[in-house]
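Going down the list, the protein sequences come from chains B and D.
Heads up: the first sequence begins at 1 in my numbering, then just goes up one per residue.
Heads up: the second sequence begins at 1001 in my numbering, then just goes up one per residue.
2 protein chains.
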Amino acid sequence: MSSNRDIETLIDMMAKLPGLGPRSARRAVLHLIRKRALLLAPLSEMMQTVAATARECLNCGNIGTGDICDICSSEVRANGILCVVEDVADLWAMERSGVFKGRYHVLGGTLSALDSVGPDQLRIPRLVDRVKSEGITEVILALNATVDGQTTAHYIADELEGLATLSSLAQGVPIGGELDYLDDGTITAALNARKRL
Amino acid sequence: MSSNRDIETLIDMMAKLPGLGPRSARRAVLHLIRKRALLLAPLSEMMQTVAATARECLNCGNIGTGDICDICSSEVRANGILCVVEDVADLWAMERSGVFKGRYHVLGGTLSALDSVGPDQLRIPRLVDRVKSEGITEVILALNATVDGQTTAHYIADELEGLATLSSLAQGVPIGGELDYLDDGTITAALNARKRL
């Protein structure tokens, strides 16, 4: 491209974002430049604001703008019940469903022997502290249904044994799911956890 | 989402970019926040720079950082041959192929009766001026092979008749294309323009 070096750099930066590639980055940047007063300048300013203020909550690991996030500092959410998730994206997904009204704990990943991620690289010691000190009576392990997620869930279940009631998300057929398109593992899990009508 | 309002605003802004939706915007923003020192701040600064400097070339309509773009002001590119494209994205695509060494003219769209886009909303009068004043001897009409693109090509061909040699991009089977996957129109065009070996 013979266009300006800054524009090329911007495209390269955008192309490295997850879900974007060179082609979509070019389209996005061109769109931004065409509407630069309306889009590019405000987007840049908002990024600057977020870059300056966003940080991890010292208590739960969620992303917010203070030392303690909105959920931890909320006065209307239930105390005593904690939902453990791998990642902030998982927390956001739980929040979108709007059904959980307790507090969260974000591990920041899963245990992984291959990537040599141990309990101390995650927020597991902090989780045990919180369960003891915040009077948590129920812990929901909302970890992903992957091998690493389930390994981590088992490890946490061992650590928290006797401290709180533990549960995990139900596994089965997703709402709107068609059996024909489901993998064998999901069908097996749904069959094993069948409910009497 | 109960996370911070600024972060939500940033996600909403990113989600409006072409090629991104709410889900990929969330992933991108989370990725940016995790690496905010390394990615978010530099990206924001580069956007600010581009927002402040990017503008349309007064001569050809390409996007650059001065009143006259790099291609128009280049001293090594051939004079006298002009490639007419609809859009800056098309100019970039031509430049990636690296095979054209002349100058460009970006129309900024196509004639469209439905959207009431006439010749004066595009850079067509400017194109006629350039052909007359810059001593252009060949004009390549590299417009998209759509109805509006071809209508525009015909209109320009009429306007420029007698002023310069006109040509358009060849139509046919794309390199690596399999006949089985091509539409009927492309096969018809390729057959009509068949070349004697």
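We put the beta carbon where it would ideally sit given N, CA and C, even for glycine.
Computed from a predicted structure; not experimentally measured.
Listed in chain order, the alpha helix (DSSP H) runs fully inside the segment 1025-1106 of chain D are 1041-1053, 1070-1073, 1088-1097, counting runs of at least 4 residues. Put simply, the CB of D/HIS1105 is far from chain B, with every gap to its CB atoms at 8 Å or more.
Excluding five sequence positions before and after D/ALA1028, the CB atoms of its chain that fall closer than 8 Å to its own CB belong to MET1014, LEU1020, given in chain order. Between B/VAL139 and B/VAL106, the CB-CB gap reaches or exceeds 8 Å. When CB distances to chain D are screened at a threshold of 7 Å, the residues of the segment 76-95 of chain B falling below it are VAL88, ALA89, TRP92, GLU95, in chain order.
No Cβ-Cβ contact shorter than 8 Å links B/GLN171 with B/ALA157. D/LEU1017 carries a coil assignment under DSSP once its states are collapsed to helix, strand and coil. Cα atoms of B/ASP184 and B/VAL173: separation of roughly 11 Å, rounded to the nearest angstrom. A residue is called buried when at least 16 other Cβ atoms come within 10 angstroms of its Cβ; D/ASN1062 meets this threshold and is buried. D/ILE1156 carries a helical assignment under DSSP once its states are collapsed to helix, strand and coil. Remark: C-beta atoms of B/ILE7 and D/ALA1054 approach each other more closely than 8 Å. In the DSSP assignment, B/GLU138 is bridged to B/ILE81, B/THR165. Of all residues in the segment 1057-1068 of chain D, those with a C-beta nearer than 8 Å to a C-beta of chain B are ASN1062, ILE1063, GLY1064, THR1065, reading in chain order. By the neighbour-count criterion, in which a residue is buried when 16 or more other Cβ atoms sit within 10 angstroms of its Cβ, D/ASN1059 is buried. Counting C-beta pairs with one atom in each stretch, the segment 79-99 of chain B and the segment 124-142 of chain B have three or more that are closer than 8 Å, which means they touch. For B/LEU30, the closest C-alpha among the options D/ALA1089, D/ARG1026, D/LEU1111, D/THR1065 is that of D/ALA1089. D/VAL1117 is bridged by DSSP to D/SER1112.
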